[in-house]
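In what follows, a single structure is set out as structure tokens and then discussed.
Number of protein chains: 2
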Amino acid sequence: MSNQRVVAAGGAAEVGAGCEPAVLREQPVTEAQAAELARVFKALGDPVRVRLLSLIASHDGGEVCVCELSGAFDLTGPTISHHLKVLREAGLVTGERRGTWVYYRAIPEALAALAEALRPATVAGAGA
Amino acid sequence: MSNQRVVAAGGAAEVGAGCEPAVLREQPVTEAQAAELARVFKALGDPVRVRLLSLIASHDGGEVCVCELSGAFDLTGPTISHHLKVLREAGLVTGERRGTWVYYRAIPEALAALAEALRPATVAGAGA
DNA sequence: CGTCTATCTTGATAGACATCGAATCAGTGG
DNA sequence: CCACTGATTCGATGTCTATCAAGATAGACG
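Chain order of the listed sequences is A and B.
So the first sequence is numbered by my numbering: it starts at 23 and just counts up by one.
So the second sequence is numbered by my numbering: it starts at 23 and just counts up by one.
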């Protein structure tokens, strides 16, 4: 199979990419927007993944080695790897291999798009 | 049993209530914060619930009758009721019975707390 | 009180998911 | 080339969840 699976599969970034901002409270989201948002929210629907994302996103230098992440949990390597894959496929993080180690990095646009979706409506109808 | 189960069980609102703002990207969240955030994110991890919340939160007058919500989906009543219960227990919406009908209303603080958690760090270290 | 409508609860079932152990892949260094 | 370490994938398993049909509750209305 491919040799570089450690790459985002295009997910959350699309929520606020080329389309409307999709502000949840401004107008009803379309079925497609809801599906995309739910996909990303579901990725965050696990305490381990929330902590993983927080550890990655708040880390100095912007990237963290998997070995450092694994050490923060009472979970086996494969389980951490699984959770990182879910975050990757949701478009929230990317992983890059450097030598023996793999470094993860958050995707700010994806987090911004989510925050945007939850934001209060500008004035209550002024957004139209 | 009780007669007024249609009430929030205290969930998301606590994320940003009396404690720290818990900004995901500012510093690593605690295990408790991660658990609470994941609880709410999980509630949003379903396309039906995202649409339900959006329909409720963006509705003129701030409230929507269940009958109106049910009509927007190809799902049975019990299923819609189940999803509304999940949103309620996550602290994202409240339901109030008025006569034969039940009206749902979003809880702005809960949505704001979530958006806050995803917000970019103020300056990148200035928050310390 | 009986009936009708709207909503919720219960019970059952099929599918999804978190977790682990074992095996595999990628790179380093003898 | 072989052994070693770090990370991922594969396969299995127990638990959770989305959905529905059937039944129960709450209130309106005769």
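Just so it is clear, CB atoms sit at the ideal spot from N, CA and C, and this is done for glycine as well.
- Taking 9 Å as the CB threshold, VAL51 of chain A lines the interface with chain B.
- Per DSSP, ALA135 of chain A is one residue of the alpha helix (DSSP H) stretching across 130-140.
- Per DSSP, GLU118 of chain B is one residue of the beta strand (DSSP E) stretching across 115-120.
- Nearest to GLU58 of chain B by alpha-carbon distance, out of B:ALA128, B:LEU140 and B:ALA112, is B:ALA112.
- Contacts between LYS64 of chain B and chain A, judged by CB atoms closer than 9 Å, involve PHE63, LYS64, LEU66, GLY67 and ASP68 in chain order.
- Distances from the CA of TYR125 of chain B to each of B:GLY99, B:GLU90 and B:LEU66 were compared; the closest alpha carbon is that of B:GLU90.
- Here ALA54 of chain B is exposed: its Cβ has fewer than 16 other Cβ atoms, across all protein chains shown, within 10 Å.
- Taken through DSSP and simplified to helix, strand or coil, GLU48 of chain A comes out as coil.
- Rounded to the nearest whole angstrom, the C-alpha separation of LEU75 of chain B and GLN49 of chain B is 29 Å.
- GLY117 of chain B sits close to ARG110 of chain B, with the two beta carbons spaced by under 9 Å.
- GLY99 of chain B: member of the alpha helix (DSSP H) spanning 99-111, first to last residue.
- Residue pairing by DSSP places CYS87 of chain B opposite B:TYR125 in a beta bridge.
- Among the residues of chain A, those whose CB is under 9 Å from the CB of ALA134 of chain B are LEU140, ARG141 and PRO142, following chain order.
- For PHE63 of chain A, the enclosing alpha helix (DSSP H) starts and ends at 53-65.
- Out of B:LEU97, B:GLY84 and B:PRO69, the CA that lies nearest to the CA of PRO142 of chain A is found in B:GLY84.
- Excluding residues up to 5 positions away in sequence, VAL124 lie with their Cβ nearer than 6 Å to the Cβ of VAL88 of chain B in the same chain.
- Comparing alpha-carbon positions, the option among B:VAL51, B:ARG73, B:PHE63 and B:LEU46 lying closest to ALA56 of chain A turns out to be B:ARG73.
- Secondary structure of SER76 of chain A (DSSP, three-state): helix.
- Within the model, the alpha-carbon separation for ASP96 of chain B versus ALA60 of chain B is close to 28 Å.
- Between the C-alpha atoms of PRO100 of chain B and ASP82 of chain A there is a straight-line separation of about 48 Å.
- In summary, PRO130 of chain B is exposed, with fewer than 16 beta-carbon neighbours lying within 10 Å of its beta-carbon over all protein chains present.
- Restricting attention to B:PRO69, B:THR52 and B:VAL45, the CA atom closest to the CA of VAL108 of chain B is found in B:PRO69.
- The beta carbon of LEU46 of chain B sits closer than 9 Å to some beta carbon of chain A.
- Here HIS104 of chain B is exposed. Its C-beta has fewer than 16 other C-beta atoms within 10 Å.
- Linking VAL51 of chain B to VAL86 of chain B through their CA atoms gives a straight-line distance of about 35 Å.
- Distance check between PHE63 of chain B and each of B:ILE78, B:ARG127 and B:LEU114 places B:LEU114 closest, using alpha-carbon atoms only.
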